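So this is what it looks like as structure tokens:
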């Protein structure tokens, strides 16, 4: 149980285009999902917290107009990288939060490798 | 401001020996800590966690120790196996807060056969 999928796993796009990444919780409902970004050999940096039915909460320094997040249902959150540029190339990972007893655990997706040419 | 740090970027250990990965944090409000294993181009895989009310949690070959006064936690893997070779991240969270995870910088473990 507690499986999270991401689609696509890998995407290459031209500079200036927009790219949408989907994050799905396959066997549970997640009121909260998180989006992370990982640069090569670096830590996972939290970008935003996505809450179902409400606006996402962005971390300091993350442009909300650049990284559009939509959490339309309890099993799906999407991250759209708008007008992508080469510096947006990165590994994007989502997680979905599930309450287990008193604790809300995060379960991570397999990640999406974005390359902007 | 790196609130969670792993000061050793890499570690090599002989198969069968103990691997000790360390993690330090600065925010005394963190009350839940986790360790994740990650392979390149994959999402993190949960290993083990510990709440701040405990100082030790054990699960098979993995044991996490928490020293709150020192704001330090460590992951012990014994015996180490070649399949343990990966990047290990510690993460800290506020149990009753936003449930956000703050990840450390990672330690690359290499277990030599």
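Protein chains in written order, with the numbering used here: chain D, 1 to 117; chain L, 118 to 230. For every residue, glycine included, the Cβ atom is placed at its ideal position computed from N, Cα and C. Since this is a predicted model, take the numbers as computed values, not measurements.
Under 9 Å, Cβ to Cβ, is there at least one residue of chain D near residue i?
i: residue 135 of chain L; result: no
i: residue 217 of chain L; result: yes
i: residue 200 of chain L; result: no
i: residue 230 of chain L; result: no
i: residue 203 of chain L; result: no
i: residue 166 of chain L; result: yes
i: residue 175 of chain L; result: no
i: residue 143 of chain L; result: no
i: residue 159 of chain L; result: yes
i: residue 220 of chain L; result: yes
Suppose you measure from the CA of residue i to the CA of residue j; what does that come to, to the nearest Å?
i: residue 106 of chain D; j: residue 51 of chain D; result: 14 Å
i: residue 201 of chain L; j: residue 159 of chain L; result: 15 Å
i: residue 89 of chain D; j: residue 66 of chain D; result: 13 Å
i: residue 217 of chain L; j: residue 149 of chain L; result: 11 Å
i: residue 183 of chain L; j: residue 174 of chain L; result: 9 Å
i: residue 172 of chain D; j: residue 170 of chain L; result: No statement about residue 172 of chain D is possible, as the shown extent of chain D runs from 1 to 117 and does not include it.
i: residue 222 of chain L; j: residue 185 of chain L; result: 20 Å
i: residue 109 of chain D; j: residue 136 of chain L; result: 27 Å
i: residue 42 of chain D; j: residue 100 of chain D; result: 29 Å
Using a Cβ-Cβ distance cut-off of 9 Å, determine whether residue i contacts chain L.
i: residue 44 of chain D; result: yes
i: residue 73 of chain D; result: no
i: residue 41 of chain D; result: yes
i: residue 29 of chain D; result: no
i: residue 66 of chain D; result: no
i: residue 4 of chain D; result: yes
i: residue 49 of chain D; result: yes
i: residue 25 of chain D; result: no
Would residue i and residue j qualify as a contact pair, given that the criterion is a beta-carbon distance under 9 Å?
i: residue 228 of chain L; j: residue 154 of chain L; result: no
i: residue 208 of chain L; j: residue 151 of chain L; result: yes
i: residue 113 of chain D; j: residue 9 of chain D; result: yes
i: residue 95 of chain D; j: residue 36 of chain D; result: yes
i: residue 193 of chain L; j: residue 140 of chain L; result: no
i: residue 80 of chain D; j: residue 11 of chain D; result: no
i: residue 25 of chain D; j: residue 75 of chain D; result: yes
i: residue 97 of chain D; j: residue 71 of chain D; result: no
i: residue 49 of chain D; j: residue 32 of chain D; result: yes
i: residue 123 of chain L; j: residue 219 of chain L; result: no
i: residue 226 of chain L; j: residue 166 of chain L; result: no
i: residue 206 of chain L; j: residue 44 of chain D; result: yes
For residue i, count neighbouring Cβ atoms within 10 angstroms of its own Cβ and tell me buried if that reaches 16, exposed if not.
i: residue 162 of chain L; result: exposed
i: residue 181 of chain L; result: buried
i: residue 117 of chain D; result: exposed
i: residue 146 of chain L; result: exposed
i: residue 60 of chain D; result: exposed
i: residue 34 of chain D; result: buried
i: residue 230 of chain L; result: exposed
i: residue 177 of chain L; result: exposed
i: residue 133 of chain L; result: exposed
i: residue 156 of chain L; result: exposed
i: residue 19 of chain D; result: buried
Quiz item: Counting only runs that start and end within the region 68-99 of chain D, where is the beta strand (DSSP E) found for 3 or more residues in a row?
Solution: 76-81
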